[in-house]
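To keep things clear, I will list the structure first and then write my remarks on it.
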DNA sequence: TTGTAGGCGTTATCAT
DNA sequence: ATGATAACGCCTACAA
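Protein chains in written order, with my numbering: chain P, 1 to 342; chain S, 343 to 684.
What follows is the structure in structure tokens.
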């Protein structure tokens with residue numbers, strides 16, 4: 001069964017391929033309504049479906065968006081196990097599809113770049129989440145498609161950025177502990193990398209401590225790649241070696257939940273013995289017991305926003321780039337994991 | 343900045359474009375090792391990156407795989423909020439990338455087909471999860487790319503299938519309750535659809551009841567689309583209207599966790615008042631409190647397997663189709679949500 | 001072994 | 001308003 005081409009349609013409709021192309025692309029000003037009707041009918045009859053590869057070749061528009069998310073270091077798998085990314089992807093995909101774009105979702109090997117993929121596929125744009133080495137971004141700048149960075153503090157006029165005020169989030173969480181009488185507050189966090197979100201959350205944590213006249217103790221910072229298991233581990237360390245700690249600010253809900261489990265593993269209770277605040281407000285945060293107090297951000301909305309910024313930039317390649325930083329709202333959600341100390 | 347083409351490479355290397363194409367595609371038998379070296383050098387020097395659109399146009403191979411997962415009915419967003427799908431996707435993407443393929447991830451609108459996408463993008467294959475209407479599959483059969491159905495009981499020689507023995511899963515869970523002395527066992531389940539996985543799990547549930555000489559009570563079946571919230575709702579109903587029920591088999595962990603929360607909302611405890619078994623063993627199942635007894639399947643492995651089957655079918659289009667059903671292992675994981683009745 | 005040239009499906013530039 | 005026709009980048013008979 002051979003493919004139906006634009007030529008088949010043109011013959012059937014008794015017009016030229018150019019005419020068909022015009023009506024297909026909505027340039028209907030250029031063609032008589034009679035021709036439009038004939039073409040539409042032929043398209044319908046033949047069940048014609050355009051070939052995007054050919055289109056891409058002819059006009060460099062692929063209707064394809066590259067989406068990159070971090071992957072686990074060990075198994076090279078997407079970090080989708082962190083629900084935050086799942087939700088982000090949901091938002092991106094939904095918005096993209098709504099505008100007739102498709103999404104190529106992939107991780108990128110450590111040390112590899114994204115230039116190859118972007119050129120091979122003639123991507124119309126890309127959404128990048130996670131933090132990479134300098135050269136990765138330098139590479140990306142060489143390509144002329146619009147790029148949206150999600151959760152990055154790599155400011156550069158080449159990139160659009162969608163994020164939140166991570167420093168504020170860290171500050172709010174820590175201050176909430178302080179307001180509830182806590183003075184020994186641990187930080188359980190993902191790897192603190194330059195220009196990354198956790199670095200800012202860490203900064204907010206320190207600011208709140210300083211503001212309250214509290215001593216910042218580096219021993220109370222537990223840093224590791226973002227996993228549930230390390231949350232458990234950190235709780236264990238805290239219970240056994242740092243009895244003075246009464247509160248834990250985890251820079252992601254995933255770790256916070258690990259901490260909660262770890263606390264219980266040690267025969268203690270949340271929040272009776274240890275208070276916990278997380279970050280993200282992934283959907284399980286309200287499902288766990290006790291429901292987790294956390295810094296809420298709306299990952300789905302973030303994804304939708306990232307997609308929208310990208311689509312706008314694709315529409316209008318040389319628009320004002322001054323307004324290329326979008327900061328989404330965030331708030332502290334009080335649930336049941338923070339105890340008020342007397 | 344113009345694109346580097348195969349012609350640029352050929353000129354730089356002082357050979358023909360055909361020669362370049364040959365070494366690029368590994369047909370090195372057709373070309374002298376000297377030429378190979380020259381071409382490689384030129385490719386390197388020029389930083390040549392092939393255009394997959396052009397390739398796809400020329401030989402109908404796109405190195406692109408379509409992956410379809412269900413979406414929420416209301417918001418048209420991917421069902422990634424169910425970690426089971428996240429993990430599945432992780433497996434698929436990792437395996438695909440390893441072989442140089444890219445994945446287009448998308449949902450499909452109710453009533454829409456996937457034929458358009460598959461033709462537009464010249465997909466080399468597709469992995470479909472979820473259950474759709476008859477016509478969806480009929481459509482899919484018209485296209486000649488290999489297709490792997492994950493978790494489907496739509497047997498057809500056109501499709502490869504990767505799944506588990508869902509009926510057995512349902513049976514094992516139910517029997518486990520019975521062995522622990524439970525006789526009034528509710529089923530909290532996603533929509534029971536023909537040829538879907540939950541239908542089989544439901545069948546397994548009934549078989550176990552029957553085998554034990556227990557009465558199957560339709561009132562004890564709580565059916566709804568798969569959400570955490572409905573799990574809560576079902577628990578509420580059970581607590582208030584069906585006090586005789588002592589055990590709940592949920593056909594997905596997501597619902598099981600909702601049930602657990604719902605039970606607590608009613609001031610009762612798991613497993614003291616209500617025992618719970620889930621299905622899937624998503625990663626949070628072991629993280630929740632108490633850790634959830636569940637039917638374990640390895641979603642990541644399932645994804646990898648699905649990708650592998652597809653890749654094999656692409657390699658070898660007219661291979662034996664008799665072995666196109668792959669059943670992955672499954673097992674009951676005992677944790678702490680089932681109480682042994684006296 | 002190597003090179004030439006035609007074709008893949010579409011868009012865009014010209015004439016008409 | 002419409003229709004030839006030349007790109008677009010690559011592959012692959014076929015010819016040399």
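Glycine is no exception: its CB is placed at the ideal position from the N, C-alpha and C atoms.
Burial state of residue i, where buried means 16 or more other Cβ atoms lie within 10 Å
{"i": "residue 171 of chain P", "result": "buried"}
{"i": "residue 475 of chain S", "result": "exposed"}
{"i": "residue 671 of chain S", "result": "exposed"}
{"i": "residue 468 of chain S", "result": "buried"}
{"i": "residue 294 of chain P", "result": "buried"}
{"i": "residue 638 of chain S", "result": "buried"}
{"i": "residue 191 of chain P", "result": "exposed"}
{"i": "residue 669 of chain S", "result": "exposed"}
{"i": "residue 609 of chain S", "result": "exposed"}
{"i": "residue 472 of chain S", "result": "buried"}
{"i": "residue 456 of chain S", "result": "buried"}
{"i": "residue 319 of chain P", "result": "exposed"}
{"i": "residue 341 of chain P", "result": "exposed"}
Amino acids of chain S, ordered along the chain, whose beta-carbon sits closer than 7 Å to that of residue i
{"i": "residue 52 of chain P", "result": "462, 463"}
{"i": "residue 70 of chain P", "result": "Correct list: empty, because the minimum Cβ distance to chain S is about 12 Å."}
{"i": "residue 305 of chain P", "result": "Simply none; closest approach about 14 Å."}
{"i": "residue 76 of chain P", "result": "436"}
DSSP bridge partner residues for residue i (one or two, in chain order)
{"i": "residue 622 of chain S", "result": "S:638"}
{"i": "residue 159 of chain P", "result": "P:147"}
{"i": "residue 408 of chain S", "result": "S:446, S:468"}
{"i": "residue 598 of chain S", "result": "Residue 598 of chain S is not bridged to any residue."}
{"i": "residue 670 of chain S", "result": "S:506"}
{"i": "residue 78 of chain P", "result": "P:71"}
{"i": "residue 399 of chain S", "result": "BP columns for residue 399 of chain S are empty, so no partner."}
{"i": "residue 531 of chain S", "result": "S:565"}
{"i": "residue 333 of chain P", "result": "P:294"}
{"i": "residue 249 of chain P", "result": "P:187, P:277"}
Proximity test, Cβ basis, 7 Å: residue i and chain S
{"i": "residue 94 of chain P", "result": "yes"}
{"i": "residue 114 of chain P", "result": "no"}
{"i": "residue 257 of chain P", "result": "yes"}
{"i": "residue 86 of chain P", "result": "yes"}
Min CB distance residue i to chain P below 7 Å
{"i": "residue 383 of chain S", "result": "no"}
{"i": "residue 681 of chain S", "result": "no"}
{"i": "residue 445 of chain S", "result": "yes"}
{"i": "residue 639 of chain S", "result": "no"}
{"i": "residue 596 of chain S", "result": "no"}
{"i": "residue 616 of chain S", "result": "no"}
{"i": "residue 422 of chain S", "result": "yes"}
{"i": "residue 431 of chain S", "result": "yes"}
Interface partners of residue i on chain S, CB under 8 Å
{"i": "residue 57 of chain P", "result": "393, 395, 396, 399"}
{"i": "residue 228 of chain P", "result": "625, 629"}
{"i": "residue 262 of chain P", "result": "Correct list: empty, because the minimum Cβ distance to chain S is about 11 Å."}
{"i": "residue 300 of chain P", "result": "419"}
Per-residue contacts from residue i into chain P (C-beta, under 8 Å)
{"i": "residue 404 of chain S", "result": "53"}
{"i": "residue 449 of chain S", "result": "93, 94, 97"}
The ligand ZN heavy atom lying under 6 Å from the CB of residue i
{"i": "residue 335 of chain P", "result": "For the ligand ZN, the structure offers nothing, since it holds no ligand at all."}
Cross-chain neighbours of residue i in chain S, by beta carbon under 9 Å
{"i": "residue 83 of chain P", "result": "422, 423, 425, 428, 626"}
Three or more beta-carbon pairs under 8 Å between the region 630-647 of chain S and the region 442-455 of chain S, yes or no?
-> no
Kindly confirm or deny that the region 590-599 of chain S and the region 614-631 of chain S touch, where touching means at least three C-beta pairs closer than 8 Å.
-> yes
Would the region 13-29 of chain P and the region 423-432 of chain S be scored as touching if the rule is three or more Cβ pairs under 8 Å?
-> no
Are at least three pairs of beta-carbons, each pair with one atom in the region 39-56 of chain P and one in the region 395-410 of chain S, less than 8 Å apart?
-> Three or more beta-carbon pairs separated by less than 8 Å link the region 39-56 of chain P to the region 395-410 of chain S, which places the two stretches in contact.
Counting pairs of beta carbons, one from the region 499-512 of chain S and one from the region 541-548 of chain S, are three or more of them closer than 8 Å?
-> yes
Please confirm if the region 182-199 of chain P is in contact with the region 149-160 of chain P, defined as three or more CB-CB distances below 8 Å between the two stretches.
-> yes
Counting Cβ pairs, one atom from each stretch, are 3 or more of them under 8 Å apart for the region 564-576 of chain S and the region 516-525 of chain S?
-> no
Hey, is the region 65-78 of chain P in contact with the region 34-49 of chain P, meaning 3+ C-beta pairs nearer than 8 Å?
-> no
Would you be able to state if there are at least three C-beta pairs under 8 Å between the region 570-577 of chain S and the region 599-617 of chain S?
-> yes
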